[in-house]
Amino acid sequence: MKLRLGMSPISWSNDDLPQLGGETSLQTCLVETREAGFTGTETGGKFPKDAAALSAVLGAHDLALSQAGILAHLLITALKGAGLHR
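Counting the sequence shown from 1 gives a position; the numbering used here is that position plus 32.
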């Protein structure tokens, strides 16, 4: 099974503190996401809100929509259940 990884756009632009990366375009974020080897991204303030527009933008960069926070929670829960997490 091939593992696919997504990331959060906060690495490029912070929605809570716009002065941190506010000048970084969505295009730059998406291009660099693929260059870094990620196959998915969460959304952020610079992403289209319309589902069709979002799908088109992500598809143009060969990216999928992902949700890292939920996955991390599921992983930690599974590890705890297996006795592998403290």
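Glycine included, each C-beta is placed from N, C-alpha and C at the ideal position.
7 Å CB neighbourhood of residue i in its chain, flanking five on each side removed
{"i": "Leu95", "result": "Leu62, Thr65, Arg66, Thr71, Gly72 and Thr73"}
{"i": "Asp47", "result": "Gly76 and Gly77"}
CB of residue i within 8 Å of CB of residue j, strictly
{"i": "Ser98", "j": "Gly38", "result": "yes"}
Distance, residue j Cα to residue i Cα
{"i": "Thr60", "j": "His93", "result": "11 Å"}
{"i": "Pro41", "j": "Leu111", "result": "26 Å"}
{"i": "Leu58", "j": "Phe79", "result": "7 Å"}
{"i": "Ala68", "j": "Leu35", "result": "15 Å"}
In DSSP terms, what residue i is bridged to
{"i": "Gly54", "result": "None; Gly54 has no bridge partner."}
{"i": "Ala96", "result": "Gly72"}
{"i": "Gly38", "result": "Gly72"}
Spatial neighbours of residue i in its chain, beta-carbon cut-off 6 Å, leaving aside the 5 residues before and after
{"i": "His105", "result": "none"}
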